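Worksheet: one structure, shown below.
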Amino acid sequence: IPAVSPDRWLKCTNSSYGYQLQPQHGEAALAAPPKVSRYVVVAASVGSPSFFFLVAKMLQLTKHYRIVRSHPGYGPIKFGVIRVVMSLLMMLLPAPASAAPTSSLVKGIMQGSSSKPAPGQSRIDPVALTEEIKKKLAATSEELALVPSDAVAKSSATGLSEKQEIFARRLHLRQLVFLYQGQLVRLVNLRVRQQRRLELESQAANWSGFSEPLPHPFLSADELKESVTKLGNQVDEIESWITALDHTEQHLVETAENSAVKLRQSDEAVEQAKKSSDLQARLNRERDLLVLQNQIDLARAMGFQIEKQTVQEELLETRAKLQLANKQLSVASEHVELTQQDIDQVNKNIEIESQQIIAELKQAVSALDIEKNASQQEKLALSVTGEDVQQQSAMPEQIDQMRQAQRNDADIKLLVLNRILVYLQMQRDIWNLRWLYAKVTDREKAGEAYDRIARNQEVLKTLHDYINQLRHRVLTKITNESVKELDSAVTGPDALRDELRKLDLDQVVSFSRLLGAIESTQRLLERSKQELDERFRVKSFSDYLEEALLTTRDVASQIWDFELFAVQDNIEVEGQIISGKRSITVDKVVTALAILIVGYWFAARLSRLFEGQAVTRLGMDASLARIARRWILFLEVLLLVILSMMVVRIPLTIFAFMGGALAIGAGFGMQNLLKNLISGLMRPFDRGTWSRLAVSVAASWISGYAARTSAMLMASRP
Numbered sequence: 038i039p040a041v042s043p044d045r046w047l048k049c050t051n052s053s054y055g056y057q058l059q060p061q062h063g064e065a066a067l068a069a070p071p072k073v074s075r076y077v078v079v080a081a082s083v084g085s086p087s088f089f090f091l092v093a094k095m096l097q098l099t100k101h102y103r104i105v106r107s108h109p110g111y112g113p114i115k116f117g118v119i120r121v122v123m124s125l126l127m128m129l130l131p132a133p134a135s136a137a138p139t140s141s142l143v144k145g146i147m148q149g150s151s152s153k154p155a156p157g158q159s160r161i162d163p164v165a166l167t168e169e170i171k172k173k174l175a176a177t178s179e180e181l182a183l184v185p186s187d188a189v190a191k192s193s194a195t196g197l198s199e200k201q202e203i204f205a206r207r208l209h210l211r212q213l214v215f216l217y218q219g220q221l222v223r224l225v226n227l228r229v230r231q232q233r234r235l236e237l238e239s240q241a242a243n244w245s246g247f248s249e250p251l252p253h254p255f256l257s258a259d260e261l262k263e264s265v266t267k268l269g270n271q272v273d274e275i276e277s278w279i280t281a282l283d284h285t286e287q288h289l290v291e292t293a294e295n296s297a298v299k300l301r302q303s304d305e306a307v308e309q310a311k312k313s314s315d316l317q318a319r320l321n322r323e324r325d326l327l328v329l330q331n332q333i334d335l336a337r338a339m340g341f342q343i344e345k346q347t348v349q350e351e352l353l354e355t356r357a358k359l360q361l362a363n364k365q366l367s368v369a370s371e372h373v374e375l376t377q378q379d380i381d382q383v384n385k386n387i388e389i390e391s392q393q394i395i396a397e398l399k400q401a402v403s404a405l406d407i408e409k410n411a412s413q414q415e416k417l418a419l420s421v422t423g424e425d426v427q428q429q430s431a432m433p434e435q436i437d438q439m440r441q442a443q444r445n446d447a448d449i450k451l452l453v454l455n456r457i458l459v460y461l462q463m464q465r466d467i468w469n470l471r472w473l474y475a476k477v478t479d480r481e482k483a484g485e486a487y488d489r490i491a492r493n494q495e496v497l498k499t500l501h502d503y504i505n506q507l508r509h510r511v512l513t514k515i516t517n518e519s520v521k522e523l524d525s526a527v528t529g530p531d532a533l534r535d536e537l538r539k540l541d542l543d544q545v546v547s548f549s550r551l552l553g554a555i556e557s558t559q560r561l562l563e564r565s566k567q568e569l570d571e572r573f574r575v576k577s578f579s580d581y582l583e584e585a586l587l588t589t590r591d592v593a594s595q596i597w598d599f600e601l602f603a604v605q606d607n608i609e610v611e612g613q614i615i616s617g618k619r620s621i622t623v624d625k626v627v628t629a630l631a632i633l634i635v636g637y638w639f640a641a642r643l644s645r646l647f648e649g650q651a652v653t654r655l656g657m658d659a660s661l662a663r664i665a666r667r668w669i670l671f672l673e674v675l676l677l678v679i680l681s682m683m684v685v686r687i688p689l690t691i692f693a694f695m696g697g698a699l700a701i702g703a704g705f706g707m708q709n710l711l712k713n714l715i716s717g718l719m720r721p722f723d724r725g726t727w728s729r730l731a732v733s734v735a736a737s738w739i740s741g742y743a744a745r746t747s748a749m750l751m752a753s754r755p
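Here the working numbering runs 37 ahead of the position in the sequence shown, where the first position is 1.
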């Protein structure tokens, strides 16, 4: 796409008497007085040259012939006002095609021959664009052939800067040829994608039913469900990919626009350097390089647009596949049920796949044994021949590194194959579970199936994340090693690096196979859950009530087992004392409180019974019996606290961190209680110093004891 050519630039000069507009190629210039004070360079791409001539002519008439000045009440028109008027008029004009930004130019090329593409039709015409790119490729190749080679440039007497310019020009042209060749390859892929997409869309639109009855309707419907799930995930991934491509496209278009701006600025510099031929020649060479750079940026943007259109074709193709799969599923899922023949067929398929995995395991073990034997024979041969120690230890690090990588690759492959066998057995168990609950109508039994499915899904999700991290780590290692190879300072045998990279890629393939097996098992679990959901989708009032009770029970169970905090304690495991933490749950706290409440009620009844029996049968003083009852109740409560904690297995060390706070609070809050308690304890032992006391209050007598008093009589006074 050529940039704005110099003939689209006009030089506008002004003076105190008038204006002069001089085009570059053959247009008649307007006459003006010779006095010129300054000039302004204006881009003619904003408007047509005819408009500038008309505006200049009008301004010349208004100033030179003083049309406006002759009018009474008006002063002379200043140059600043006229320039503002010209700017406003230029902005109001529609821009021509040559002034369009680079993004518009790229989009215009992508439109191809069709100006109004129909919905779903490609925005790029591969046939027309291929012909255009072939022409550009031929022209660029011819231009590259005309550039002097390295030998010619060295033999010539040119300067160093000119040699660098020739080298840069050759490099730009080679890069441009490479980009055009890549565009042609992408266009071929785009045409193949378009043809395949059209065929799939036609097939999806014209499909009306299966030509033959399905041998296993339930299995066919189940496979179609899996296909719908996979295709839906692919659609989501491609849509997210296109969103990411939009940001990259914006960056490439901005880069092309920036190069176009630099090219226009270079045109200005060339225009202003007319007085110096050497400077103008150098600026022309720089401008030629900027033209090539602009073409490279535009070619990159175009290649990216072709790639993006290919991804969009892939999205349309995947949507057509999804539409066809949904149609087939709607027909295949009518009046189907799981039968014993289906289970037998599933077990047969799983058995065949398991035998293939077992054969791969045997082959991997045999290869590992052969590698070990070869390593041992190599060591034995070196020891028998008695070669020099330096020769025996030649490149020991590389050899050890290679053998360690081979062992790791073999171990990972064996581990992956064994895990795939485990997941195949899990798939067999899931199918048996589906067969077991195929005709279950009890929601409580179905809840057991839901629980098993949820547990398996949680385990598989954890394993999937772990294997995916391992795979990502190996990919990161491969990327880092590839980046290091670009550094010229890194040395080492290429064969060793290639072999290590091959082993790392084998690990990526192994992890990918394992992820595929896990994802297949996850989708099978999800389909089993969907099958249960469809069966219990229609609910009665009793079903809703039962489900609410089950949900309430689950929530209560979670609250009941909720851990409040953990306490450090010694735990006995297999006869050994291990220091660990014991959890304090809501269950233990509520149970301990229940034991305390019920035990306190029994303890209070027992202490009152003891008090009554002590007074009536043992003849104990009532006050002494009351004090004894309180002490007995205190001891009973203390024993209840210890017993309740032992029953629910709450360690007594729970009070270790509470002891200080409880002691301080109890010290302040139980002062009076402790005073009364101690006074009550001292009372029986201090009874000998008490004497009878009789007090008369308002003709009533009160008997009691008073310390250090022999007799006291208080008479009432009027």
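Where a beta carbon is used, it is the ideal one built from N, C-alpha and C, also for glycine.
No experiment lies behind these values; they were computed from the predicted model shown.
Backbone CA spacing between S681 and L256 [nearest angstrom]:
A direct Cα-Cα distance of roughly 58 Å separates S681 from L256.
Proximity below 9 Å, CB of R234 to CB of A357:
Yes, Cβ-Cβ distance for R234 and A357 is below 9 Å.
What do you get for N493, buried or exposed, if any count of 16 or more other CB atoms within 10 angstroms of its CB means buried?
So N493 counts as buried.
When DSSP labels each residue in this structure, what does F247 get in the three-state scheme?
Three-state result, F247: coil.
Among E673, M657 and A629, whose alpha-carbon lies nearest the alpha-carbon of R642?
Answer by Cα proximity: E673.
In the DSSP assignment, find the unbroken alpha helix (DSSP H) run with F573 in it and report its ends.
Where F573 is concerned, there is no enclosing alpha helix (DSSP H), given that its DSSP letter is neither H nor E.
Closest to Y460 by CA distance: which of E556, D543, D531 and L470 is it?
Comparing Cα positions, the closest option is E556.
What would DSSP say about L523, mapped onto helix, strand or coil?
The DSSP-derived three-state label of L523 is coil.
Can you tell me where the alpha helix (DSSP H) with E374 in it begins and where it stops?
Premise fails: E374 is in no alpha helix (DSSP H) and is neither H nor E.
Cα-Cα separation between L500 and S239, rounded to whole angstroms
Whole-angstrom Cα-Cα distance: 41 Å.
Return the residue from the list T347, Q302, D259 and I407 that minimises the CA-CA distance to A362.
Among T347, Q302, D259 and I407, the Cα nearest to that of A362 belongs to D259.
Are the CB atoms of K409 and W244 nearer to each other than 9 Å?
Their beta carbons are not under 9 Å apart, which means K409 does not touch W244 by this criterion.
Excluding five sequence neighbours on each side, which residues of the same chain lie with their C-beta closer than 8 Å to the C-beta of R211?
So the list reads L181, once near-sequence residues are dropped.
To the nearest whole angstrom, what separates the beta carbons of D446 and Q544, a pair I think is in contact under 8 Å?
Between the beta-carbon of D446 and that of Q544 there is about 6 Å, and that keeps the pair under the 8 Å contact cut.
Do the region 505–524 and the region 473–481 touch if we need at least three Cβ pairs shorter than 8 Å?
Result no; under three Cβ-Cβ pairs closer than 8 Å.
Got a sec? Which residues, its chain only, sit under 7 Å from Q346 by beta carbon, not counting five neighbours each side?
Excluding residues within five positions, the ones whose Cβ falls inside 7 Å are S159, R160, I161 and L227.
Please go through the region 473–541 and give each complete alpha helix (DSSP H) segment of 4 or more residues, from N-terminal end onward.
Complete alpha helix (DSSP H) runs here, min 4: 480–522.
Run the CB neighbour count on L562, radius 10 Å, all protein chains shown included, and call it buried at 16 or more, exposed below.
Using a 10 angstroms sphere on the CB of L562, the tally of other CB atoms reaches 16 or more, which defines it as buried.
Pick helix, strand or coil for S547, following the three-state DSSP scheme.
Helix at S547.
Alpha carbons only, please: which of H209, L405, E600 and L630 is nearest the one belonging to R444?
Out of H209, L405, E600 and L630, L405 has the C-alpha closest to the C-alpha of R444.
To the nearest angstrom, how far is it from the Cα of L335 to the Cα of V298?
Cα to Cα, L335 sits roughly 13 Å from V298.
Given 8 Å, three or more beta-carbon pairs between the region 338–353 and the region 275–290
Touching, yes.
Would I394 pass as a contact of L353 if the rule is Cβ separation under 9 Å?
L353 sits away from I394, with the two beta carbons spaced by 9 Å or more.
Straight-line CA distance for G269 to T628?
Cα to Cα, the separation comes out at about 51 Å.
Delimiting residues of the alpha helix (DSSP H) encompassing K171
Start and end: P163 to L183.
If V684 and I634 are in contact, beta carbons under 8 Å, what's the gap, nearest whole angstrom?
That pair is no contact at about 14 Å.
Going by DSSP in three states, L353 sits in which element: helix, strand or coil?
Here L353 sits in helix by DSSP.
Using 10 angstroms around the beta-carbon of N757, count the other beta-carbons present and answer buried if the total reaches 16, otherwise exposed.
Here the chain comprises residues numbered 38 to 755, so residue 757 is not present and cannot be evaluated.
Neighbour-count burial assignment, A369, 16 or more Cβ in a 10 Å radius:
It is buried - the Cβ of A369 has at least 16 other Cβ atoms within 10 Å.
Whole-angstrom distance between P688 and R663, CA atom to CA atom:
Roughly 34 Å between the two C-alpha positions.
Quick check on L676: buried or exposed, where buried means 16 or more other Cβ atoms within 10 Å of its Cβ?
Classification for L676: exposed.
Would A771 and L320 be called neighbours here (beta carbons separated by less than 9 Å)?
Limits of the chain in this structure are 38 at one end and 755 at the other, which puts residue 771 out of reach.
Decide if Q464 is buried, meaning its Cβ has at least 16 other Cβ atoms within 10 Å, or exposed.
Burial call: buried.
I believe V623 touches W597 by the beta-carbon criterion, under 8 Å. Please report the beta-carbon distance rounded to the nearest angstrom.
Contact between V623 and W597 is confirmed by a C-beta separation of about 6 Å, below the 8 Å threshold.
Classify I715 as helix, strand or coil using the three-state DSSP reduction.
Residue state, collapsed to three classes: helix.
Are any of the Cβ atoms in chain C nearer than 9 Å to that of S716?
Annotation note: the requested chain C is absent from the structure, which comprises a single protein chain.
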